[in-house]
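Residue numbering for the sequence shown is 5 to 537, as defined by my numbering.
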Amino acid sequence: MDLAELTEIARKESDSHKPVQIRCCIAAACLATNSQAVKQSLEEAVTAENLAEQVEVYGVGCMRLCCQGPLVQVEKNTEPESTSTLYEKVTPDDAPSIITALNGGETTVSQSDLTHPFFTSQMSIVLENSGKVDPERIQSYIAAQGYQVLYHVLREMTPSEVVDAITRSGLRGRGGAGYPTGLKWATVAKAEGDRKFVICNADEGDPGAFMDRSVLESDPHRVLEGMAIAAYAVGANQGYIYIRAEYPIAINRLQTAIRQAQSFGILGSQIFDSRFDFKIDIRIGAGAYVCGEETALMASIEGKRGTPHPRPPYPAESGLWGYPTLINNVETYANVAPIIRNGAEWFASIGTEKSKGTKVFALAGNITNTGLIEVPMGTSLQQIVEVMGGGVPNGGVVKAVQTGGPSGGCIPASAFDSPVDYESLTELGSIMGSGGMIVMDESTNMVDVARYFMEFCMDESCGKCIPCRVGTVQLYKLLTRISAGEASLADLELLEELCDMVKHTSLCGLGQSAPNPVFSTLRYFRDEYLELI
5 MDLAELTEIA RKESDSHKPV QIRCCIAAAC LATNSQAVKQ SLEEAVTAEN LAEQVEVYGV
65 GCMRLCCQGP LVQVEKNTEP ESTSTLYEKV TPDDAPSIIT ALNGGETTVS QSDLTHPFFT
125 SQMSIVLENS GKVDPERIQS YIAAQGYQVL YHVLREMTPS EVVDAITRSG LRGRGGAGYP
185 TGLKWATVAK AEGDRKFVIC NADEGDPGAF MDRSVLESDP HRVLEGMAIA AYAVGANQGY
245 IYIRAEYPIA INRLQTAIRQ AQSFGILGSQ IFDSRFDFKI DIRIGAGAYV CGEETALMAS
305 IEGKRGTPHP RPPYPAESGL WGYPTLINNV ETYANVAPII RNGAEWFASI GTEKSKGTKV
365 FALAGNITNT GLIEVPMGTS LQQIVEVMGG GVPNGGVVKA VQTGGPSGGC IPASAFDSPV
425 DYESLTELGS IMGSGGMIVM DESTNMVDVA RYFMEFCMDE SCGKCIPCRV GTVQLYKLLT
485 RISAGEASLA DLELLEELCD MVKHTSLCGL GQSAPNPVFS TLRYFRDEYL ELI
């Protein structure tokens, strides 16, 4: 396939669109509320009204405001102006009413306010195609400029130029640690080895997090394109996507996307008639949280028990089967094509001095607008939680927000004027993590929150190292005693000492970060511990 063929596919796809497009969300949250039946009812209503020549109905990925699903967006590209309407909580019975409204009729179906800050404050880079393209048709992605960046890279850029562009962009890994992506790519590119591998870490296990799942369900080809560009840059010919079995919709759409890309000659041998070969396979994890850690993940891919091993050597030097390996998460790869397309300087101009670009967050917990958002780095917690998220329902008061999953910390409402970037969250005693944000109101007992996350880490510990295997159990027992009002001040002192020991002596990130929720709740809500004691 050459650029002319790619352009022709995009032209045919664009020309096939009808004046009125009805997009129905078929991501997991909306499917759970019967959106597939809604889509079918809309198709039947269009046929019944003899509107098939003017109206098309198709499924798309996440439309972000998950709490109001099923969501249906109607785009009318007709004279005198184009209009867009987003319908909320649509039922199959609402379909005729929505179709009637196309011709000016009245409808009783609730509509979202598209001028609300939840929508207007977002900046879409990773999610630019989410809710717009059909995730199950490669032609839809190609029509949205898909795979043109890969063609440009293979034909007009050297691998070192690609690495340089990612480095200058300032992109940092979106999996949690925030390691500079360009530096990681450069290390793998320089590493010597007969083979090299590229891995996409889609083992999203944080409670309340659904960013990576939504990206894969909504725009799988974006991730495949990012992986292919990365493989070309570092000299790899084989890629793996490691994804948890709890994500069946994402897995099915990834499998479909890979098959389609192979049939179009975009994955496989001599991609775009170049000398570059690249193949992607999927590996399905059994749900072990520790397999989100890169060395445990690679062990699992190799067919071994998913337990971490000490570093160095790092995967960039000795990774999968002992070969140099590049590991990034879903969101990191989804940023690659826009950076190359728009330029490193464009991406670097977004965000803060040390945290460039945007970040996708999953808003969950006691908050009015639960769903997916993408905002520039440096956006304040106040803007995200109170303005975009709408605060606590029914006039409640926000007490804290937990970021970073079990590895993160709880940030009090008094610190919500802080910007959301890697450095600021670390100063507050939390981390960026993969992007989960759980909002808690005044009724939340912060000791119970710390105990919940410690129980999670205790259950998910692989047991390889004693500090994590034994330490998390003892921490959980201490928190249980405090929560039950059976502890003393000596127990509180022991809790802090044990947290410090587990943090500094555990083998991998799971144990090292397990005490973070305890540290942060002690820092900001110590009075709740003392009251129970």
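Glycine included, every Cβ here is placed at the ideal spot set by N, Cα and C. Keep in mind the model is a prediction, meaning the values are calculated, not measured.
Contact check, residue i vs residue j, beta carbons under 7 Å
i, j, result
"G399", "N373", "no"
"L131", "E378", "yes"
"I170", "Y244", "no"
"G375", "C70", "yes"
"P74", "C34", "yes"
"M444", "K403", "yes"
"M458", "L483", "yes"
"A147", "A14", "yes"
"A366", "G413", "no"
"E446", "V391", "no"
"S524", "Q516", "no"
"E229", "L154", "yes"
"V238", "L514", "no"
"G182", "Y327", "no"
"T362", "D425", "no"
Three-state secondary structure (DSSP) of residue i
i, result
"P410", "helix"
"N346", "helix"
"P423", "strand"
"K468", "coil"
"Y151", "coil"
"G326", "helix"
"P317", "coil"
"T11", "helix"
"I354", "coil"
"Q516", "helix"
"G272", "strand"
"V137", "coil"
"S384", "strand"
"N333", "strand"
"A341", "helix"
Terminal residues of the alpha helix (DSSP H) in which residue i lies
i, result
"M462", "M450 to E464"
"I146", "I142 to A147"
"I245", "Where I245 is concerned, there is no enclosing alpha helix (DSSP H), although the beta strand (DSSP E) it sits in stretches over Q242 to R248."
"G399", "Taken as a continuous stretch (DSSP letters only), G399 belongs to no alpha helix (DSSP H), as it is neither H nor E."
"A366", "Run containing A366: none in the alpha helix (DSSP H); it sits in the beta strand (DSSP E), T362 to G369."
"P121", "P121 to T124"
"I253", "P252 to S267"
"A417", "Element bounds for A417: n/a, residue is neither H nor E."
"D531", "N520 to L536"
"M505", "L493 to T509"
Residue-level contact to chain D via CB, residue i, 7 Å cutoff
i, result
"V24", "Among the protein chains of the structure shown there is no chain D, as only one such chain exists."
Contact set for residue i: own chain, Cβ-Cβ below 8 Å, skip 5 residues either direction
i, result
"L187", "T171"
"M5", "F268, G269, I270, F276 and D277"
"A491", "L482, R485, L536 and I537"
Range of the contiguous beta strand (DSSP E) that encloses residue i
i, result
"P380", "G375 to P380"
"C28", "V24 to C29"
"Q72", "Unbroken run through Q72: none, as it is neither H nor E."
"G440", "G440 to D445"
Contact set for residue i: own chain, Cβ-Cβ below 7 Å, skip 5 residues either direction
i, result
"I286", "I245, I247, I255, L258 and Q259"
"E9", "none"
"Q387", "S125"
Same chain, Cβ closer than 6 Å to residue i, five either side skipped, listed in chain order
i, result
"R178", "N333, E335 and T336"
"D281", "N241 and S273"
"D207", "Y246, R248, G289, C295 and G296"
"S45", "P96 and A99"
Which ranges does the beta strand (DSSP E) cover as unbroken runs of at least 3 residues, wholly within the segment 280–312, from first to last along the chain? Fully enclosed beta strand (DSSP E) runs of 3 or longer: 283–289.
With a floor of 3 residues, list each beta strand (DSSP E) that falls wholly inside the segment 158–234, ordered by position along the chain. Fully enclosed beta strand (DSSP E) runs of 3 or longer: 201–206.
Length-filtered (4 minimum) alpha helix (DSSP H) runs lying within the segment 27–104: Within the segment 27–104, the complete alpha helix (DSSP H) runs of at least 4 residues are 32–35 and 39–52.
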